[in-house]
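Residues 0 to 682 in numbering that gives the first Met the number 0 are what the sequence shown spells out, letter by letter. A quick write-up on the structure given underneath.
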Amino acid sequence: MKRSLSVVVLLLAALVSQAQILVTREDRERAEALVSHMSLQEKCALITGQDDGFHTAAFERLGIPSVRMADGPQGVRNKTNSTYYPCGISLAASFNREIAHGVGTGIGWDASARGVRIMLCPGVNIYRSPLCGRNFEYYGEDPYLSSETAVQYIRGIQEQRVIATIKHFALNNQEYDRHWTSSIADERTINEIYFPSFRKAVEEARVGAVMTSYNPVNGSHAAENGWLIGHLRRWGHEGIVMSDWTSTYTTLGCLLGGLDLEMPKGYVMNYEAVSELVKNGTVSESVIDEKCCHILQTFAAYGLLDKPMKDESIPENNPASREKAYAAALEGPVLLKNEGILPIKASKKNNIIVLGPNADCIPYGGGSGRMDPIEGTTTTLYQGLAALGKKYSTTLMDWREIDEAALKKATAVIVAVGFNHDTEKEGADRSYSLPKGQNKLISRVASINPNVIVVANSGGEFDVNPWIGSVKALIMAWYGGQEGGRALAAIISGAVSPSGRLPFTFWGSEAKNPAARYYHAALPEVNKVKKNRDPFPNTQYSEGIFLGYRGVERFGVKPMFPFGYGLTYGSFEYSGGSVEQLPYGLKVSFTVKNTSKVTASEVAQVYVSKVDSKIPRPARELKGYEKVTLGKGESKTVSVTLTPNDFSSYSASSHDWVVTPGEYRIIVGDSSASVKIDLPVKL
Ligand code: BGC
Numbered sequence: 000m001k002r003s004l005s006v007v008v009l010l011l012a013a014l015v016s017q018a019q020i021l022v023t024r025e026d027r028e029r030a031e032a033l034v035s036h037m038s039l040q041e042k043c044a045l046i047t048g049q050d051d052g053f054h055t056a057a058f059e060r061l062g063i064p065s066v067r068m069a070d071g072p073q074g075v076r077n078k079t080n081s082t083y084y085p086c087g088i089s090l091a092a093s094f095n096r097e098i099a100h101g102v103g104t105g106i107g108w109d110a111s112a113r114g115v116r117i118m119l120c121p122g123v124n125i126y127r128s129p130l131c132g133r134n135f136e137y138y139g140e141d142p143y144l145s146s147e148t149a150v151q152y153i154r155g156i157q158e159q160r161v162i163a164t165i166k167h168f169a170l171n172n173q174e175y176d177r178h179w180t181s182s183i184a185d186e187r188t189i190n191e192i193y194f195p196s197f198r199k200a201v202e203e204a205r206v207g208a209v210m211t212s213y214n215p216v217n218g219s220h221a222a223e224n225g226w227l228i229g230h231l232r233r234w235g236h237e238g239i240v241m242s243d244w245t246s247t248y249t250t251l252g253c254l255l256g257g258l259d260l261e262m263p264k265g266y267v268m269n270y271e272a273v274s275e276l277v278k279n280g281t282v283s284e285s286v287i288d289e290k291c292c293h294i295l296q297t298f299a300a301y302g303l304l305d306k307p308m309k310d311e312s313i314p315e316n317n318p319a320s321r322e323k324a325y326a327a328a329l330e331g332p333v334l335l336k337n338e339g340i341l342p343i344k345a346s347k348k349n350n351i352i353v354l355g356p357n358a359d360c361i362p363y364g365g366g367s368g369r370m371d372p373i374e375g376t377t378t379t380l381y382q383g384l385a386a387l388g389k390k391y392s393t394t395l396m397d398w399r400e401i402d403e404a405a406l407k408k409a410t411a412v413i414v415a416v417g418f419n420h421d422t423e424k425e426g427a428d429r430s431y432s433l434p435k436g437q438n439k440l441i442s443r444v445a446s447i448n449p450n451v452i453v454v455a456n457s458g459g460e461f462d463v464n465p466w467i468g469s470v471k472a473l474i475m476a477w478y479g480g481q482e483g484g485r486a487l488a489a490i491i492s493g494a495v496s497p498s499g500r501l502p503f504t505f506w507g508s509e510a511k512n513p514a515a516r517y518y519h520a521a522l523p524e525v526n527k528v529k530k531n532r533d534p535f536p537n538t539q540y541s542e543g544i545f546l547g548y549r550g551v552e553r554f555g556v557k558p559m560f561p562f563g564y565g566l567t568y569g570s571f572e573y574s575g576g577s578v579e580q581l582p583y584g585l586k587v588s589f590t591v592k593n594t595s596k597v598t599a600s601e602v603a604q605v606y607v608s609k610v611d612s613k614i615p616r617p618a619r620e621l622k623g624y625e626k627v628t629l630g631k632g633e634s635k636t637v638s639v640t641l642t643p644n645d646f647s648s649y650s651a652s653s654h655d656w657v658v659t660p661g662e663y664r665i666i667v668g669d670s671s672a673s674v675k676i677d678l679p680v681k682l
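Below is the structure:
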């Protein structure tokens, strides 16, 4: 008995250690010993980026190597060509933890193969407005979905002995004036909406590094914001806190605010500036020692002080990585509309035309999330369709020179539109409308041929009103990476049923979004103070916790497509529904049955709702989900465990999460607007 217990304990320990790399006492002592042999000048070199701005300093005499970093999040960037995975919003849309873990694993392999040991990803800033130029990198509007996706992605990377860097901490939800506009939000909103992904990454994935954001948070720049960074340490972060690239402003602020590593170089934490403050007694050298320890103890924990950086056993062009990219590309796309046109069945009569700016390229969002795929590994949408063979006869048409006669004869027309690296990117916010000319293109094609399927690349919602009523289908394809075209072809042909779900609310109108008023309100203020940044212009988060679907009931606005929504080629029935009391929570079980003739995947979503809440709370909040793939007629019992945390809300007066006793409803549905099973519970 004793023996089997110790076997179980050992097995558990092995599992935990596989999923998390922890800083041990030995790592800490080793870091302290190394720091005790360093001069102040060497310490200042260690806490600032070196060389090309993507390396840390090397100290040969101490056996400390330079550690190479690279962006993320769609693959390994910076001076290399690498596997191009689907973007962040696509991973969130998969509602599949395994997919997020798989992409993390692939990126971990690719980084190891190149000697990169710090990956600057994932990005988890919450989708507040469709206009944010970096939504495509992030995981949508819901803190639970975002956290679950981030934890798995980080674990995947870090299991390969590569440090993941969660970014951008925090409230970097717009690109417009990102260096100066201060995000102003209350404590409850920050804790319920904007912190959870970072907190779970620290607590459940032991993320090795956190990158601060460009913007000030409640009036103080993130890299110098002791209140903000203090939270990371309270959650147990023992790793590195690094700045975003050129987001540091004062030496004292960075030294005392808790930043460990200034990137890409020592603008403010350089030896000259730091030594002056140490010499005149303003800052104790122990403050710099602590930063060095955070860096070195993390390197020690990841074996970077002992093992080679490069894993020669992994090929740079890795078929296993490509498989992960393909699996993810299959599960991201969300089918929003389908009036009987999809899937296109194999037939000799098929005469498919594909056209549009994104039909024969690999669309991607711009900025540091952009990367270079390995030559010969990419498949465009047109190439993917063409590879389906004779029964899917597909022609690529030049969208600038439409051949009306040919269009008329087509059995289906696929119009590939959306944004790209020029129109949706880091450093700028984007328009709500599709880029110039695209609405006209869709409307014109739809006026010639009624069988139009729109495939759109974007990081979020855009205006579909000009044509949504005149097309037969709409697929949100995000940025699918190198395998995006292959995966879309598999979905369009019905080889695979679409299974992605919206990771944000698709309002169908810019103004319906509860945050829109405040997001835009900052703009005149920003312009007013453009020449004088003291005080900062503010962007108010006045919608508070009622962001996205949380605002539907609160503000009485109905979205065009709700959060969690997405069509499949199958149909499902929910039945049963029970709640079992466990020592540490509640086990919610129900059965999902595929009532259709095709294999398809359902995303069963579990929401918690407080009945008659005395404090304002969203009508429901996502607290669990499972994706189940079922063959024709097949059914499966799904169980989701809810813990007391899942019923709690943040109390600004006690500065903590509290569980209010009383009545709750557990709602199971296939989107945030559906009720398939409704279970009352009392806490
Ligand atoms: C971005 C970061 C990125 C860094 C390095 C910055 O502009 O905001 O996300 O990791 O550049 O490329």
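Ideal placement from N, C-alpha and C gives every residue a C-beta, glycine not left out. All values reported here derive from a predicted model rather than from experimental measurement.
What did DSSP end up calling residue 226 once you bin it into helix, strand or coil?
-> helix
Using only the heavy atoms of the ligand BGC, determine whether one of them is closer than 8 angstroms to the beta carbon of residue 119.
-> yes
So who's on the other strand from residue 455, going by DSSP bridges?
-> 416, 475
What is the DSSP secondary structure of residue 188, reduced to helix, strand or coil?
-> helix
Taking DSSP as the reference, what is the three-state secondary structure of residue 258?
-> coil
Residue(s) in a DSSP beta bridge with residue 220 = 215
Compute every distance between the C-beta of residue 683 and the non-hydrogen atoms of the ligand BGC, then say whether any falls below 8 angstroms.
-> Outside the displayed span of the chain (0 to 682) sits residue 683, for which this structure offers no information.
With respect to the beta strand (DSSP E) encompassing residue 656, which residues constitute its N-terminal and C-terminal limits?
-> Looking at the DSSP string, the run of the beta strand (DSSP E) that includes residue 656 is 655-657.
On the three-state DSSP scale, how would you describe residue 15?
-> Bear in mind that the predicted position of residue 15 carries a pLDDT of just 42, short of 50, making it too unreliable to give a figure here.
Which value, in whole angstroms, describes the spacing of the CA atoms of residue 308 and residue 436?
-> 48 angstroms
For residue 7, which residues of its own chain have a beta-carbon under 6 angstroms away from its beta-carbon, when the five flanking residues on both sides are left out?
-> For residue 7, the pLDDT reaches just 41, beneath the cut-off of 50, and the residue's location in the model is therefore unreliable, although a value from the coordinates is still provided. Once the five neighbours on either side are set aside, residue 7 has no close Cβ partner at all.
For the ligand BGC, is there a heavy atom less than 8 angstroms away from the beta-carbon of residue 219?
-> no
Looking at C-beta atoms only, is the number of pairs between the segment 323-335 and the segment 40-53 that lie closer than 8 angstroms three or more?
-> The segment 323-335 is not in contact with the segment 40-53.
Residue 106 burial status per 10 Å Cβ neighbour count (16 or more: buried) = buried
Unbroken stretches of the beta strand (DSSP E), 3 residues or longer, contained in the segment 80-166 | 115-118
Proximal residues to residue 466 (C-beta, below 7 angstroms), its chain only, five neighbours per side dropped | 438, 441, 442, 445
Just reading off the alpha helix (DSSP H) that residue 538 is part of, what are its end residues?
-> Counted as a single uninterrupted DSSP element, the stretch harbouring residue 538 is not any alpha helix (DSSP H) but the beta strand (DSSP E) occupying residues 537-539.
Assign residue 510 to one of two classes, buried (16 or more other C-beta atoms within 10 Å of its C-beta) or exposed (fewer than that).
-> Taking a 10 Å sphere around the C-beta of residue 510, we find fewer than 16 other C-beta atoms and assign the residue as exposed.
Roughly how many angstroms separate the alpha carbons of residue 342 and residue 158, rounded to a whole number?
-> 38 angstroms
Opening and closing residue of the beta strand (DSSP E) in which residue 197 lies | Looking at the DSSP string, residue 197 is not in any beta strand (DSSP E); the run it does join, the alpha helix (DSSP H), is 195-204.
Which first and last residues belong to the alpha helix (DSSP H) in which residue 273 is found?
-> Where residue 273 is concerned, the enclosing alpha helix (DSSP H) stretches over 270-278.
State the DSSP-derived secondary structure class of residue 173, mapped to helix, strand or coil.
-> coil
How about residue 660 and residue 641: do their beta carbons lie closer than 9 angstroms?
-> Not a contact, by the Cβ cut-off of 9 angstroms.
Range covered by the alpha helix (DSSP H) that runs through residue 330 = 318-330
Out of 334, 407, 618, 298, state which residue places its alpha-carbon closest to the alpha-carbon of residue 45.
-> When 334, 407, 618, 298 are compared, the shortest CA-CA separation from residue 45 is found for 298.
Is it true that the CB of residue 261 sits closer than 9 angstroms to the CB of residue 47?
-> yes
Contact the segment 471-483 vs the segment 331-338: 3+ CB pairs below 8 angstroms | yes
Meets three-Cβ-pair contact criterion under 8 angstroms: the segment 357-374 and the segment 399-418 | yes
Whole-angstrom C-beta distance between residue 173 and residue 538, which should lie under 8 angstroms = The C-beta distance from residue 538 to residue 173 rounds to 7 angstroms, short enough to fall under 8 angstroms.
Select from 142, 155, 178 the residue whose C-alpha is nearest the C-alpha of residue 190.
-> 142
With 16 other Cβ atoms within 10 Å as the buried cut-off, status of residue 281 | exposed
Decide if the segment 79-86 is in contact with the segment 369-388; the criterion is three or more beta carbon pairs, one per stretch, under 8 angstroms apart.
-> yes
What does DSSP give as the partner residues of residue 286 in its beta bridges?
-> Paired residue(s): none; residue 286 is not in a bridge.
Could you tell me the distance, in whole angstroms, from the CA atom of residue 117 to the CA atom of residue 303?
-> 10 angstroms
Simplified DSSP assignment, three categories, for residue 618 = coil
In three-state DSSP terms, what is residue 41?
-> Looking at residue 41 - three-state DSSP - the assignment turns out to be helix.
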